[in-house]
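Participant: I'd like to ask some things about the structure below.
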């Protein structure tokens, strides 16, 4: 990535962050912490990697994203609005009766949402199924999945981890948003994940661990996963799925909630949101 | 009609192989019970479309949801206890709530789990599944209805739960008979009492009960429910009004499944007096199928007694 590309990407991330804070602040309550921790990831995916067509969200050739930590939906909605999947005005309908933007992602309501999620632990399995469907249909599309660190407590993730390796799903690239916090406290004090990257490696995945707010680093890790998938395809093998562990900060970028356990689902008024957005610069 | 010697699971596998020949989107999922379900022929015919996920039912149902989101029509099978109890939230959220197109098959219903005992004996799968909005809940009663309903499930856009008895059962219908989701079949027309039964075992017992009742001068209708959800309310109400007395018969808790579905309908319409034959708030246990039928009060004589007591 060139310096100019990185600067442009940083501007995009700032827009996503601002729109996310604005949408939740306009409503007055929401999952701000885990939404802000994945902003850089979403910017890298939607502005550099994910094949998509906002005018045709159901395009068969697209890459898929399963946001398994569905409560971070508002960050993804901000991204999709900025990419043109739907009007930005929709963001102020978040969680209102009849909205197309519910707190947890719904594939039937929101253009650009590939999978309904929210009951934690289920998205990685669905991502495996999407990757299998692509393979059966001979498409070289990628399936991306984002899971939370608290979510990683759920055993179904580890069933899916075994399955993805068994099926050699080389075009499955997953991310763990490792912000080290879950609802009731720090992950290490609730149900610690220990050597997380090593666990995924032991389950048969390619792994990387990067600063989840360093977009050049995220980009390089995704590029490496894509290169491995291409090499595996050329060699006629499926390859290994990839897990990229992102070291992140819950509530990143908004002073009123950055690094706080309480930011998981937090009430704050619109003035606080506006101030935080102004502070983004 | 001749007794069927072919096992129901073989009919299930054959039907999927046939459907899979013309519809390449049909895929198979198993959770280390492929030998029990007998779907080896599908795997042999279409190895790239068969996935054995290991002993991981939650993941199986989640993967099925993803395959469906990618345009496939997954048929995922495991014992009914696991299909319903263990993977319920996965089926509820990732499949049904997500408006996806997953066909979940629960084998070894109720007392047919026999020697696997109480841990493996689903007396509540229908109650759980009936509570899931928008899905269809089906229990075929013989080979022809199994073929018909599996085909109908494949064509239906939406998730379906199918209860599958694995062993051979007597034929009730000729090959080529048409079956629809939401439609029951009237197997025998009577005038004094109507028996509605669900599944091969209980339809068989209900037919025997009708014979017992006939000897005592009681004329009984027998309805093969086939589709618990949607229930064929038209046929149930017609027979209820004609006979005035109604008995539900199921290899399942008397509450939550067919008994409740019919009770709701009859209470709302006042069409008939009702008795329910089914398990009375008990867990399953080990034993032969015959022992368990007797133990839980599911035999023809229990059904006939319930009808006469009305």
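Protein chains in written order, with this note's numbering: chain A, 2 to 282; chain B, 4 to 313. Just so it is clear, CB atoms sit at the ideal spot from N, CA and C, and this is done for glycine as well. Small disclaimer: the values here were computed from a predicted structure and weren't measured.
#1: What whole-angstrom Cβ distance do residue 142 of chain A and residue 135 of chain A have, given they're in contact under 8 Å?
#2: If we count the other Cβ atoms within 10 Å of its Cβ and call it buried at 16 or more, is residue 191 of chain A buried or exposed?
#3: Output, in chain order, the set of chain A residues within a Cβ distance shorter than 7 Å of residue 51 of chain B.
#4: Can you tell me whether DSSP reads residue 58 of chain A as helix, strand or coil?
#5: Give a yes or no on whether the minimum CB-CB distance between residue 162 of chain B and chain A is below 8 Å.
#6: Do you know whose CA, among A/104, A/25, A/194, A/178, lies nearest residue 274 of chain A's CA?
#7: To which residues does DSSP link residue 176 of chain B through a beta bridge?
#8: Run through chain A and tell me which residues come within less than 7 Å of residue 92 of chain B, C-beta to C-beta.
#9: Among A/239, A/218, A/23, A/56, which one has its Cα closest to the Cα of residue 247 of chain A?
#10: DSSP three-state label for residue 26 of chain B, please.
#11: Rounded to whole angstroms, how far is the Cβ of residue 108 of chain B from the Cβ of residue 67 of chain B, which I believe are closer than 8 Å?
#12: Check the Cβ of residue 56 of chain B against every Cβ in chain A and list those closer than 7 Å, keeping chain order.
#13: So which residues of chain A does residue 66 of chain B contact, with C-beta pairs closer than 8 Å?
#14: Express the C-alpha separation of residue 94 of chain B and residue 34 of chain B in angstroms, rounding to a whole number.
#15: Report yes or no: is there a C-beta of chain B within less than 8 Å of the C-beta of residue 116 of chain A?
#16: Could you say if the stretch 45-58 of chain A and the stretch 150-165 of chain A meet the contact criterion of at least three C-beta pairs nearer than 8 Å?
#17: Alpha carbon to alpha carbon, what distance is there between residue 175 of chain B and residue 227 of chain B?
#18: Would you verify that the beta carbon of residue 75 of chain B is, or is not, closer than 8 Å to some beta carbon of chain A?
#19: Give a yes or no on whether the C-beta atoms belonging to residue 198 of chain B and residue 212 of chain B are separated by under 8 Å.
#20: Just the C-alpha distance for residue 262 of chain A and residue 74 of chain B, rounded to the nearest angstrom, thanks.
#21: Does DSSP classify residue 179 of chain A as helix, strand or coil?
#22: Taking 8 Å as the threshold (C-beta atoms), are residue 171 of chain B and residue 9 of chain B in contact?
#23: I'd like to know whether the C-beta of residue 108 of chain A is nearer than 8 Å to at least one C-beta of chain C.
#24: Taking 8 Å as the threshold (C-beta atoms), are residue 62 of chain A and residue 270 of chain A in contact?
#25: Using C-beta distances below 7 Å, list every residue in its chain close to residue 194 of chain A, excluding the 5 sequence neighbours before and after it, in chain order.
#26: Give the single residue among A/255, A/112, A/201, A/162 whose Cα lies nearest to the Cα of residue 38 of chain A.
#27: With a floor of 3 residues, list each beta strand (DSSP E) that falls wholly inside the stretch 182-222 of chain A, ordered by position along the chain.
#28: Do you know whose CA, among A/137, A/2, A/168, A/211, lies nearest residue 177 of chain A's CA?
#29: Over what stretch of residues does the alpha helix (DSSP H) that includes residue 291 of chain A continue unbroken?
#30: Determine the chain B residues that contact residue 157 of chain A at a beta-carbon separation under 9 Å, and present them in chain order.
#31: Counting only C-beta atoms, is residue 101 of chain B closer than 8 Å to chain A at any point?
#32: Just the Cα atoms here: how many angstroms apart are residue 298 of chain B and residue 15 of chain B?
#33: Under 8 Å, Cβ to Cβ, is there at least one residue of chain B near residue 183 of chain A?
#34: How many whole angstroms separate the CB atoms of residue 154 of chain B and residue 103 of chain B, which I take to be in contact at a CB cut-off of 8 Å?
#35: Any C-beta of chain A sitting closer than 8 Å to the C-beta of residue 137 of chain B?
#36: Out of A/59, A/99, A/36, which has the shortest C-alpha to C-alpha gap to residue 77 of chain A?
Facilitator: Reading from the atomic positions:
#1: Taking the first residue of the first chain as position 1, residue 142 of chain A is located at position 141. Taking the first residue of the first chain as position 1, residue 135 of chain A is located at position 134. Contact between residue 142 of chain A and residue 135 of chain A holds: CB atoms are separated by about 5 Å, below the 8 Å threshold.
#2: Locating residue 191 of chain A in the first chain gives position 190, counting from the first residue. The residue in question, residue 191 of chain A, is exposed, as its Cβ has fewer than 16 Cβ neighbours within 10 Å.
#3: Indexing the second chain from 1 puts residue 51 of chain B at position 48. Correct list: 137.
#4: Counting from one through the first chain, the residue named residue 58 of chain A turns up at place 57. Residue 58 of chain A: coil per DSSP, three-state reduction.
#5: Indexing the second chain from 1 puts residue 162 of chain B at position 159. So no, residue 162 of chain B is outside the interface.
#6: As a first step, residue 274 of chain A must be located in the first chain, where it is residue number 273. Ranking the options by Cα distance to residue 274 of chain A, first place goes to A/25.
#7: Position 173 of the second chain, counted from the start, is the residue given in the question as residue 176 of chain B. According to DSSP, which records beta bridges pairwise, residue 176 of chain B is partnered with nothing at all.
#8: By 1-based counting over the second chain, the position of residue 92 of chain B is 89. Within chain A, the residues near residue 92 of chain B are 120.
#9: To locate residue 247 of chain A, count along the first chain from 1; it is residue 246. Residue 247 of chain A has its Cα closest to that of A/218, out of A/239, A/218, A/23, A/56.
#10: Taking the second chain and counting its residues from 1, the one referred to as residue 26 of chain B is at position 23. DSSP places residue 26 of chain B outside both helix and strand once states are collapsed to three, so it counts as coil.
#11: Translated into the one-based positions of the second chain, residue 108 of chain B becomes position 105. Translated into the one-based positions of the second chain, residue 67 of chain B becomes position 64. With a Cβ gap of about 11 Å, residue 108 of chain B and residue 67 of chain B do not count as contacting.
#12: Taking the second chain and counting its residues from 1, one reaches residue 56 of chain B at position 53. One finds 164 in chain A with Cβ atoms closer than 7 Å to the Cβ of residue 56 of chain B, taken in chain order.
#13: Mapped onto the second chain, residue 66 of chain B falls at position 63. Result: 126, 127, 129, 130, 133, 161, 164.
#14: By 1-based counting over the second chain, the position of residue 34 of chain B is 31. By 1-based counting over the second chain, the position of residue 94 of chain B is 91. Using only the alpha carbons, I get a separation of about 15 Å.
#15: On the first chain, position 115 is the one that residue 116 of chain A refers to. Answer yes: the Cβ-Cβ gap between residue 116 of chain A and chain B drops below 8 Å somewhere.
#16: no
#17: Within the second chain, the letter at position 224 stands for residue 227 of chain B. Within the second chain, the letter at position 172 stands for residue 175 of chain B. Cα to Cα, residue 227 of chain B sits roughly 10 Å from residue 175 of chain B.
#18: By 1-based counting over the second chain, the position of residue 75 of chain B is 72. At least one chain A Cβ lies under 8 Å of residue 75 of chain B.
#19: Locating residue 198 of chain B in the second chain gives position 195, counting from the first residue. Locating residue 212 of chain B in the second chain gives position 209, counting from the first residue. A contact, by the Cβ cut-off of 8 Å.
#20: Position 261 of the first chain, counted from the start, is the residue given in the question as residue 262 of chain A. Position 71 of the second chain, counted from the start, is the residue given in the question as residue 74 of chain B. Their backbone Cα atoms lie some 39 Å apart in a straight line.
#21: On the first chain, position 178 is the one that residue 179 of chain A refers to. Collapsing the DSSP output to three states places residue 179 of chain A in a strand.
#22: To locate residue 9 of chain B, count along the second chain from 1; it is residue 6. To locate residue 171 of chain B, count along the second chain from 1; it is residue 168. Against a cut-off of 8 Å, the Cβ pair of residue 171 of chain B and residue 9 of chain B comes out as a contact.
#23: Looking for chain C here will not work: the only protein chains present are A and B.
#24: For this step, residue 270 of chain A is matched to residue 269 along the first chain. For this step, residue 62 of chain A is matched to residue 61 along the first chain. Contact flag unset, no.
#25: Taking the first chain and counting its residues from 1, the one referred to as residue 194 of chain A is at position 193. Cβ within range, chain order: 150, 153, 188.
#26: Residue mapping note: residue 38 of chain A aligns to position 37 of the first chain, counting from 1. Measuring from the Cα of residue 38 of chain A, the nearest candidate turns out to be A/255.
#27: DSSP runs (the beta strand (DSSP E)) wholly in the stretch 182-222 of chain A: 207-212.
#28: Taking the first chain and counting its residues from 1, one reaches residue 177 of chain A at position 176. Nearest of A/137, A/2, A/168, A/211 to residue 177 of chain A, Cα basis: A/211.
#29: Here chain A covers residues 2 to 282 and nothing more, so residue 291 of chain A does not appear.
#30: Taking the first chain and counting its residues from 1, the one referred to as residue 157 of chain A is at position 156. Chain B residues near residue 157 of chain A: 59, 61, 62, 65, 93.
#31: In the second chain, residue 101 of chain B corresponds to position 98, counting from 1. Output row for residue 101 of chain B: interface = yes.
#32: Residue 298 of chain B sits at position 295 when you count from the first residue of the second chain. Residue 15 of chain B sits at position 12 when you count from the first residue of the second chain. For residue 298 of chain B and residue 15 of chain B, the distance between alpha carbons rounds to 30 Å.
#33: As a working note, residue 183 of chain A is residue 182 in the first chain. For residue 183 of chain A, the answer is no, since every Cβ of chain B falls outside 8 Å of its Cβ.
#34: In the second chain, residue 154 of chain B corresponds to position 151, counting from 1. In the second chain, residue 103 of chain B corresponds to position 100, counting from 1. So it is not a contact: roughly 19 Å between Cβ atoms.
#35: Your numbering for residue 137 of chain B matches position 134 in the second chain. Closer than 8 Å: no.
#36: The sequence position of residue 77 of chain A within the first chain is 76, counting from 1. When only C-alpha atoms are compared, the closest one is A/36.
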